[in-house]
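Asker:
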Amino acid sequence: MTQPNRAQWFLICATTAILILCWPPDRGHGSNLLLKTVHWAVDPAGELPALPPALPPGLGDDGDAVAAHDALEADYYRHYNSSKMTRWRMDAKAAGDPFDPTTERQILVASAAIAALAAWRLGKNK
676 MTQPNRAQWF LICATTAILI LCWPPDRGHG SNLLLKTVHW AVDPAGELPA LPPALPPGLG
736 DDGDAVAAHD ALEADYYRHY NSSKMTRWRM DAKAAGDPFD PTTERQILVA SAAIAALAAW
796 RLGKNK
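Its first residue numbered 676, the sequence shown is counted upward by one per residue in the numbering used here.
#1: If you compare alpha carbons, which of K799, G798 and A794 is closest to T691?
#2: For the segment 743-750 and the segment 691-700, state whether three or more C-beta atom pairs, one from each stretch, are separated by less than 8 angstroms.
#3: Please work out which residues of its chain come closer than 7 angstroms, Cβ to Cβ, to P699, disregarding the five sequence neighbours upstream and downstream, and give them in chain order.
#4: Look at the alpha carbon of A769 and the alpha carbon of K711, and state the distance between them as a whole number of angstroms.
#5: Helix, strand or coil for P679 per DSSP?
#6: What first and last residue would you give for the alpha helix (DSSP H) that runs through S786?
#7: According to DSSP, is R702 part of a helix, a strand, or is it coil?
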């Protein structure tokens, strides 16, 4: 049995890393390892505020709840408008998976199969 050459090793390692980083979780609404890493990298201390959800129906009459919500929203937009870098960090922190998990798995398995065929084809050029 022959050993993979340098190009094959690179393709195998790159494909494995991409699969590990991008594979969606089986349960819950969490994100893949790559997105978790990005979320942590842009806000390691957890200091950036998140956009508060809309007020639920019925709380519009409660002045204290409206004032608290408006204060959270004002803090969010104060941070958001402070600089382009902070805006980018907040957008990256709020980003989610662009694909449905089942579609993402199908794309990743297909890319792994294509990479395996490419690695096999690279070995035939000897």
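Ideal Cβ positions, reconstructed from N, Cα and C, are used throughout, including at glycine. On a predicted model such as this, the values are computed, not experimentally measured, just so you know.
Answerer: Taking the definition as stated:
#1: As a first step, residue 691 must be located in the sequence shown, where it is residue number 16. The option with the nearest alpha carbon to T691 is A794.
#2: No: the two stretches stay apart, fewer than three of their Cβ pairs being nearer than 8 angstroms.
#3: Counting from one through the sequence shown, the residue named residue 699 turns up at place 24. For P699, where only same-chain residues beyond five positions count, the Cβ hits under 7 angstroms are N707, D772, P776, E779 and R780.
#4: Reading the sequence shown from its first residue, position 94 is the one you call residue 769. Reading the sequence shown from its first residue, position 36 is the one you call residue 711. For A769 and K711, the distance between alpha carbons rounds to 11 angstroms.
#5: For the purposes of this step, residue 679 is taken as residue 4 along the sequence shown, with counting starting at 1. Coil at P679, not helix or strand.
#6: For the purposes of this step, residue 786 is taken as residue 111 along the sequence shown, with counting starting at 1. First-last of the alpha helix (DSSP H) with S786: P776 to K799.
#7: Within the sequence shown, numbered from 1, the residue matching residue 702 stands at position 27. Correct three-state label for R702: coil.
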